[in-house]
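Colleague: Protein chains in written order, with the working numbering: chain A, 193 to 755; chain B, 50 to 135.
Backbone N, C-alpha and C fix where the C-beta goes; we use that ideal spot for every residue, glycine too.
Computed from a predicted structure; not experimentally measured.
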Amino acid sequence: VIRLRGEGVSDGRACAPVVLLDGGAAAGAPPQERAALDTASALAELERAVRASDDELEAASRRGREELGADAAAILEAQRLILADPELMGPIRDRIAEQGRDPAEAVVEVSREIADEIARIPDDYLQQRAADVVDAAQIVVGHLRGRRGGRSAVPAAVAGGVIVAARDLTPLETISLDRSLVRGLVTELGARNSHVAILARQMSIPAVVGVDGLLDEARAGRRVAIDGASGECIFDPRPELAERFDTPPEPAFAVIPDVVATDDGTAVEVLANAASADEVAHAVALGADGIGLYRTEFMFFESGLVDEERQLRAYCEAAEAADGRRIVIRTLDVGGDKPLPGSAVAEEDNPFLGVRGIRYSLRHGELFATQLRALARAAERFPNLEVMVPMVSGLEELDATRELLGAAGAGSLHVGAMIEVPSSAVLAAEIARETAFLSVGTNDLTQYVLAVDRTNPGVGELYSEVHPAVVRMLATIARAATAAGVTAGVCGELAGRAEAAPLLVGLGYRSLSVAPPFIGRIKSALAGASMDACRQLAGDVLAASRLRQVEELLTRNREATAP
Amino acid sequence: VTAVREGRLRAASGLHARPAARIVEEASRFASEIAIESGSKGANAKSIVSLLRAGIPGGAPVRLVATGDDEEQAVERLAQVLEELE
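(1) Using a beta-carbon distance cut-off of less than 9 angstroms, what residues from the region 56-73 of chain B approach chain A?
(2) Rounding to the nearest angstrom, what Cα-Cα distance links L373 (chain A) and A244 (chain A) in this structure?
(3) From which residue to which residue does the beta strand (DSSP E) around K90 (chain B) run?
(4) Identify whether C425 (chain A) lies in helix, strand or coil by the three-state DSSP scheme.
(5) From the beta carbon of S133 (chain B), is the nearest beta carbon of chain A less than 8 angstroms away?
(6) For chain B, is any of its Cβ atoms less than 8 angstroms away from the one on P278 (chain A)?
(7) For the region 290-321 of chain A, which residues have a beta carbon sitting closer than 7 angstroms to at least one beta carbon of chain B?
(8) Which value, in whole angstroms, describes the spacing of the CA atoms of Y552 (chain A) and G546 (chain A)?
(9) Given that R102 (chain B) touches chain A, what residues does it touch there, using C-beta distances under 7 angstroms?
(10) I want to see whether chain A comes within less than 8 angstroms of P106 (chain B), judged by CB atoms only; does it?
(11) Considering Cα atoms alone, identify which of A:M665, A:N465, A:V403, A:F629 is closest to Q639 (chain A).
(12) Just the Cα atoms here: how many angstroms apart are A60 (chain B) and E539 (chain A)?
(13) Measuring alpha carbon to alpha carbon, tell me which of B:E133, B:A84, B:A70, B:E75 ends up nearest V53 (chain B).
(14) Write down the C-beta distance between G484 (chain A) and C683 (chain A) rounded to the nearest angstrom, noting that I regard them as a contact closer than 8 angstroms.
(15) From A:N542, A:G650, A:A322, A:A467, pick the residue whose C-alpha is nearest to that of T488 (chain A); which is it?
(16) Classify A459 (chain A) as buried or exposed, calling it buried when 16 or more other Cβ atoms lie within 10 Å of its own Cβ.
(17) According to the Cβ coordinates, are H140 (chain A) and V579 (chain A) closer than 8 angstroms?
(18) Using only alpha-carbon positions, find the residue among A:R254, A:E250, A:L249, A:I194 that is nearest to M491 (chain A).
(19) In the DSSP assignment, what residue or residues form a beta bridge with P110 (chain B)?
(20) Is it buried or exposed for I426 (chain A), if we count other Cβ within 10 angstroms and need 16 for buried?
(21) Show which residues of chain B have a CB atom less than 8 angstroms away from the CB atom of V325 (chain A).
(22) Who are G608 (chain A)'s beta bridge partners in DSSP?
(23) Is the shortest distance between the beta-carbon of E539 (chain A) and the beta-carbons of chain B less than 8 angstroms?
(24) Answer with buried or exposed for V73 (chain B), where buried requires no fewer than 16 other C-beta atoms within 10 angstroms of its C-beta.
(25) Got a sec: is the Cβ-Cβ distance from A736 (chain A) to anything in chain B below 8 angstroms?
(26) Report yes or no: do three or more beta-carbon pairs, one from the region 721-736 of chain A and one from the region 696-703 of chain A, lie closer than 8 angstroms?
(27) On the DSSP bridge assignment, give the partners of I483 (chain A) in chain order.
(28) With a cut-off of 8 angstroms on the beta carbons, I'd call V333 (chain A) and A296 (chain A) a contact; round off their distance for me.
(29) Could you tell me which residues DSSP pairs with C726 (chain A) in its beta bridges?
(30) Please go through the same chain and pick out, in chain order, the residues whose beta-carbon is closer than 7 angstroms to the beta-carbon of V50 (chain B), but skip the five residues on each side of it.
(31) To the nearest angstrom, how far is the alpha carbon of T562 (chain A) from that of G601 (chain A)?
(32) Could you compute how far the alpha carbon of A675 (chain A) sits from the alpha carbon of G681 (chain A)?
(33) So for E269 (chain A), helix, strand or coil by DSSP?
(34) Quick one: give me the first and last residue of the alpha helix (DSSP H) that V472 (chain A) is part of.
(35) With burial defined as no fewer than 16 other Cβ atoms inside 10 Å of the residue's Cβ, what is the status of V447 (chain A): buried or exposed?
(36) Rounded to whole angstroms, what's the CA-CA distance from G516 (chain A) to D456 (chain A)? Just pull it up for me.
Next comes the structure, spelled out in structure tokens:
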């Protein structure tokens, strides 16, 4: 029995044989034995593989943008540019045409040469960008050698599923994992908020990252048990331990189309996060009671500045897809950390403490007014449409927004505030009195309350949405909303965690907005749940002063209430 | 016949894939040939591989050199983009 430990980044346990995924090694694998191609066929094969790779990246980029945000998509988009670049493709074609090289070999050679050159740059961060070239080239090599992205590298024949082990997984490899087959994933590199971790959570695959020494132990076929909550990673587990970890894959939850209620009849709406009309329709099909967070920035990231008519069309399509259910559209949420293409964003030392969200919108009044007008016009046709303002940090921003709403003839809109800055949590009572609802963005609230940069691997382990200080702040916000008679909701990742749902309900939240795959899980967890038990749990958690105590309370509660 | 503009790469972590992609995207809108030079390094602003190879670090002074019909607009726009990159 060998025990390793990493950072648990996606909840759930699994025990299964290891499958090693390693794009780098595959690149060096000997080419298949076969008759040499003539030059014209070899070039045609290369073009076909590049086109297929681009298609694959484009699809993954669209998915990444929708599910993860623009950052992950930007990396895939950069890889598409690399594959379209004559500085890479020219020398590859030359070697095929003039030296008669095998296409895959030519791609490996040229991309390695470029990567080696980049790796010699005397700057640690830029050196690592060599990986982007290698990753992109690797996709083409994969196609030339007859497999698609990361997916086909997992042998489909392993009964009972596998645990994927890798040094690291690229966004494309992660997004391509077959969820019916991959029971868990574990990587030597990575942190809580690296792409592989975020994707694993979205895909509901238990995951442990940052496991030192993983590749010394991980051998294909060797059994490993992982716990995506604690970060445990146990090779050759004893049978009784294996049995405990070998939980069957989470059952497919039945779609519950109605709003669920706790045992005392309190309704809790389970909404979904979405960014396009298609996603709204998908969420509704999965039983969502509506959309609690409709992100509008992706539309701008894709098309630059979008005029009022196009926005109106997009909002109407989304509201129509919600089919009468509530749909909360978040106004543009951009800033230094996710800049709007084509707009001037001043350089900021701390973009997370800079011009983001409503601050950005208020500094670009024209842009904001256009969006508010489009939203008001859409709401005239679709009364189920509501609006939510991100990054509110004080009442002044609500005053300014109200002024703009009046001027834009949008005074009738239902406007709620996102609570994700500690100052707005402290002022929640006043904010609640002046808005239609409060919706807590737990991801940002957590990073601001704990002063932890979610993207910094050095402090990633300090980030926890159930830290006692965060939970107490959540309680304050819910109390303030309840006292003002408005709904308190949560639209951060915390809302999608099954063990957290009873806590949130116990604290007073009546609206949870989650990633679409989690709708069934959260509805099942809440349907008929004991309200007394939820309140008891909330009281116990609020009395706890250490993170470990909170985690134990949540785990114990989950085990006690599991079917 | 050539437009030149001096500037500085503000992006703190240097010209990595995401900002490089942003430059390529903007540069490709212009007909002119556009080069980004920094010290002894030079890169084709329309090629992400070329930009990654150059490895321009954060804060480095850069020189934009464009040749073609829209050279003035090109250096002006790209100087602006360089300022905006995070």
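Modeller: Taking the geometry as given:
(1) Interface annotation for the region 56-73 of chain B against chain A: R59, A60, A61, S62, G63, L64, H65, A66, R67, A69, A70, R71, V73, criterion Cβ-Cβ distance under 9 angstroms.
(2) Numbered from its first residue, the first sequence carries residue 373 (chain A) at position 181. Numbered from its first residue, the first sequence carries residue 244 (chain A) at position 52. Between L373 (chain A) and A244 (chain A), the alpha-carbon positions lie close to 24 angstroms from each other.
(3) Indexing the second sequence from 1 puts residue 90 (chain B) at position 41. Per DSSP, K90 (chain B) belongs to the beta strand (DSSP E) from 90-93.
(4) Here residue 425 (chain A) corresponds to residue number 233 of the first sequence, with the count starting at 1. Here C425 (chain A) sits in strand by DSSP.
(5) Counting from one through the second sequence, the residue named residue 133 (chain B) turns up at place 84. Before going on, a small fix: residue 133 (chain B) reads as Glu here, not Ser. Interface residue, yes.
(6) For the purposes of this step, residue 278 (chain A) is identified with residue 86 of the first sequence, where counting begins at 1. At least one chain B Cβ lies under 8 angstroms of P278 (chain A).
(7) I306, E309, I310, I313, D315, Y317, L318, R321
(8) Along the first sequence, read from residue 1 onward, the residue named residue 552 (chain A) stands at position 360. Along the first sequence, read from residue 1 onward, the residue named residue 546 (chain A) stands at position 354. Looking at the two C-alpha atoms, the distance is approximately 9 angstroms.
(9) As a working mapping, residue 102 (chain B) is identified with position 53 in the second sequence. I306, E309, I310, listed in chain order.
(10) Against the second sequence, residue 106 (chain B) aligns to sequence position 57. Closer than 8 angstroms to some Cβ of chain A, the Cβ of P106 (chain B) qualifies, so yes.
(11) Sequence index remark: in the first sequence, residue 639 (chain A) carries index 447 (1-based). Per the Cα distances, A:M665.
(12) Taking the first residue of the second sequence as position 1, residue 60 (chain B) is located at position 11. Taking the first residue of the first sequence as position 1, residue 539 (chain A) is located at position 347. The straight-line gap from Cα to Cα measures roughly 8 angstroms.
(13) Along the second sequence, one-based indexing puts residue 53 (chain B) at 4. Closest option to V53 (chain B), Cα to Cα, is B:A84.
(14) In the first sequence, the residue the question calls residue 484 (chain A) occupies position 292. In the first sequence, the residue the question calls residue 683 (chain A) occupies position 491. Sure, about 5 angstroms apart at Cβ, within 8 angstroms.
(15) By one-based count along the first sequence, residue 488 (chain A) stands at place 296. It is A:A467 whose Cα lies nearest to the Cα of T488 (chain A).
(16) Your numbering for residue 459 (chain A) matches position 267 in the first sequence. Flag for A459 (chain A) reads exposed.
(17) Nothing about residue 140 (chain A) can be reported from this structure: the residues present for chain A run from 193 to 755 only.
(18) For the purposes of this step, residue 491 (chain A) is taken as residue 299 along the first sequence, with counting starting at 1. M491 (chain A) has its Cα closest to that of A:R254, out of A:R254, A:E250, A:L249, A:I194.
(19) The residue labelled residue 110 (chain B) in the question sits at position 61 within the second sequence. Paired residue(s): B:R57.
(20) If you number the first sequence from 1, residue 426 (chain A) lands on position 234. Classification for I426 (chain A): buried.
(21) Counting from one through the first sequence, the residue named residue 325 (chain A) turns up at place 133. Chain B residues near V325 (chain A): V98, L101.
(22) Sequence index remark: in the first sequence, residue 608 (chain A) carries index 416 (1-based). Residue pairing by DSSP places G608 (chain A) opposite A:M580 in a beta bridge.
(23) Working through the first sequence from its first residue, we reach residue 539 (chain A) at position 347. Interface with chain B (8 angstroms Cβ-Cβ cutoff): E539 (chain A) is included.
(24) Within the second sequence, the letter at position 24 stands for residue 73 (chain B). Under this definition V73 (chain B) is a buried residue.
(25) Here the question's residue 736 (chain A) lines up with position 544 in the first sequence. Not an interface residue.
(26) yes
(27) In the first sequence, residue 483 (chain A) corresponds to position 291, counting from 1. According to DSSP, which records beta bridges pairwise, I483 (chain A) is partnered with A:A464, A:I519.
(28) For the purposes of this step, residue 333 (chain A) is identified with residue 141 of the first sequence, where counting begins at 1. For the purposes of this step, residue 296 (chain A) is identified with residue 104 of the first sequence, where counting begins at 1. Indeed they touch by this definition, with Cβ atoms about 5 angstroms apart.
(29) Working through the first sequence from its first residue, we reach residue 726 (chain A) at position 534. DSSP, once it has assigned bridges, lists no residue as partnering C726 (chain A).
(30) Counting from one through the second sequence, the residue named residue 50 (chain B) turns up at place 1. These residues qualify, in order along the chain: T116.
(31) Your numbering for residue 562 (chain A) matches position 370 in the first sequence. Your numbering for residue 601 (chain A) matches position 409 in the first sequence. Distance between the alpha carbons of T562 (chain A) and G601 (chain A): 11 angstroms.
(32) Position 483 of the first sequence holds residue 675 (chain A). Position 489 of the first sequence holds residue 681 (chain A). Distance between the alpha carbons of A675 (chain A) and G681 (chain A) is about 14 angstroms.
(33) Against the first sequence, residue 269 (chain A) aligns to sequence position 77. In this structure, E269 (chain A) counts as helix in the three-state DSSP scheme.
(34) Taking the first residue of the first sequence as position 1, residue 472 (chain A) is located at position 280. DSSP places V472 (chain A) in the uninterrupted alpha helix (DSSP H) bounded by 469-477.
(35) Here residue 447 (chain A) is taken as the residue at index 255 of the first sequence, counted from 1. When all chains shown are included, V447 (chain A) counts as exposed.
(36) Here residue 516 (chain A) refers to the residue found at position 324 when the first sequence is read from its first residue. Here residue 456 (chain A) refers to the residue found at position 264 when the first sequence is read from its first residue. Rounded to the nearest angstrom, the two C-alpha atoms are 26 angstroms apart.
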